[in-house]
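**Q** Numbering (our numbering) for the sequence shown: 12 to 292.
All C-beta atoms, glycine included, are put in the ideal place defined by N, C-alpha and C.
Here you go, one structure.
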Amino acid sequence: MAARAEQPTLLVRLANRWHEFLHSNASWTRAKHNAEFHYALGPEFYRYWLDDPLMLYTCAYWKQGTRTLEEAQRNKLEHVGRKVLLKPGEDVVDVGSGFGGFLLYAEERFGVKVTGYNTTRSQVEHARAQIERRRLRNTVALEADFRSMDRQYDKVVSIGCLEHAGRDGLVDLIRAHARALKPGGLGLIHFIGHVGRFETDYFIRKYIFPGGWIPSLADVIVEMENAGLEVLDIENLRRHYALTLDVWAERFDRNWEKIHALDPRRFDERFRRIWRVYLYG
């Protein structure tokens, strides 16, 4: 995906650098804390505005004729499966597996063995419950940092994880992908990025994704080449993300009273305003 923005002021650039220093993902403990700041709000919160039942919190794929978010998210998973040529029996890893939507779909639809890495406990617990409910025997959800991956896979998939690594974590993330991929294997990295040199929005960093950083396409490609990865295909999904955000925002607003009732102190008016800026921004 690609996003353009105006050049920030010196003050914003300094604030960003200070934020990066305080919230660096170089520490595994800090990386886990940063992830939980956003993703540990609970499956119940996300269920009110993400797709049902997979709860995919990444850009959907709105091919021609798509009518619902649920359909668009299934399109995305099919698209991922086609890009990496998933075949029955293959060993696949999902880096940053979220609520486990890809894990579930990949085994059921493509017949692969899937391992997910995620540091947010509530998401891992949700994924494990879904794996058990669906009686999937070849799917594992691990509560672990991607840097702890200790074996190789036929296919490596990362959907919406890279931008959480931070500026000083990009190299580690790309190299981890490279180490985890068997010789001749295929991988896919789906991330939010931009073209050119722009600062990540400070509001998003402070209130939504501490430790996050949106890299340029060039930043990522250079590190992939340095890690010995060959870039075979690049696809810009910017307009697909705009449509996805529109639906998320509408559902968030429509279900706000139910969200508020989950925990009135946590999901208060301040929270609602911050998240509306995020979703509509």
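What residue does the beta strand (DSSP E) around H165 start on, and which one ends it?
**A** Reading off the sequence shown, one finds Asp at residue 165, where the question assumed His. Taken as a continuous stretch (DSSP letters only), the beta strand (DSSP E) holding D165 covers Y164 to I170.
**Q** Could you work out which residue in L22, K193, R249 and Q84 is closest to D102 when comparing CA atoms only?
**A** K193
**Q** If you drop the 5 nearest sequence neighbours on each side, which residues of the same chain put their C-beta closer than 7 Å to that of A187?
**A** F157, R158 and M160
**Q** By the 10 Å Cβ neighbour count, where 16 or more other Cβ atoms means buried, how is E234 classified, buried or exposed?
**A** buried
**Q** Does P226 have its Cβ less than 7 Å from a Cβ in chain B?
**A** Here chain B cannot be found, since the structure has a single protein chain.
**Q** CB F220 to CB L173, shorter than 7 Å?
**A** no
**Q** Could you give the C-beta distance for L256 and L290, rounded to a whole number, given that I count them as a contact under 8 Å?
**A** 6 Å
**Q** Name, in chain order, the residues that DSSP records as bridge partners for S227.
**A** As a beta-bridge residue in DSSP terms, S227 pairs with H205.
**Q** Once the 5 residues before and after A155 are set aside, which same chain residues still bring their CB inside 6 Å of it?
**A** Closer than 6 Å at the Cβ level, and outside the excluded window around A155, lie Y128.
**Q** Kindly identify the DSSP beta-bridge partner or partners of I200.
**A** Paired residue(s): S169.
**Q** In whole angstroms, what is the alpha-carbon distance linking G223 and I200?
**A** Between the alpha carbons of G223 and I200 lies a distance of about 16 Å.
**Q** Could you compute how far the alpha carbon of R145 sits from the alpha carbon of A26?
**A** Between the alpha carbons of R145 and A26 lies a distance of about 46 Å.
**Q** Do N149 and H124 have their beta-carbon atoms positioned less than 7 Å apart in this structure?
**A** This sequence places Lys at residue 124; His is not what is there. Yes; because the gap between Cβ atoms is below 7 Å, this pair is in contact.
**Q** Examine the Cβ distances between the segment 258-276 and the segment 59-71 and report whether three or more of them are shorter than 8 Å.
**A** yes
**Q** Under three-state DSSP, which class holds A272?
**A** helix
**Q** With H, G and I counted as helix, E and B as strand and the rest as coil, what does DSSP make of T211?
**A** Correct three-state label for T211: coil.
**Q** Applying the criterion that 16 or more other CB atoms from any shown protein chain within 10 Å of the CB defines a buried residue, is A272 buried or exposed?
**A** exposed
**Q** Taking the alpha-carbon of D183 as reference, which of N237, R120 and R277 has the nearest alpha-carbon?
**A** Residue N237 holds the alpha-carbon nearest to the alpha-carbon of D183 among N237, R120 and R277.
**Q** Give the secondary structure of A191 by DSSP, where H, G and I count as helix, E and B as strand, and everything else as coil.
**A** helix
**Q** I'd like to check one pair, A46 with T130: are the Cβ atoms closer than 7 Å?
**A** Closer than 7 Å, so yes.
**Q** Round the Cβ separation of Q141 and L115 to the nearest angstrom and send it over; I've been treating them as touching at under 8 Å.
**A** 6 Å
**Q** Terminal residues of the continuous beta strand (DSSP E) containing L153?
**A** T150 to E154
**Q** So, helix, strand or coil for V242, using DSSP?
**A** coil
**Q** What residue range does the alpha helix (DSSP H) around T255 cover?
**A** R249 to R265
**Q** Where does K74 land, buried or exposed, given buried means 16+ other C-beta within 10 angstroms?
**A** exposed
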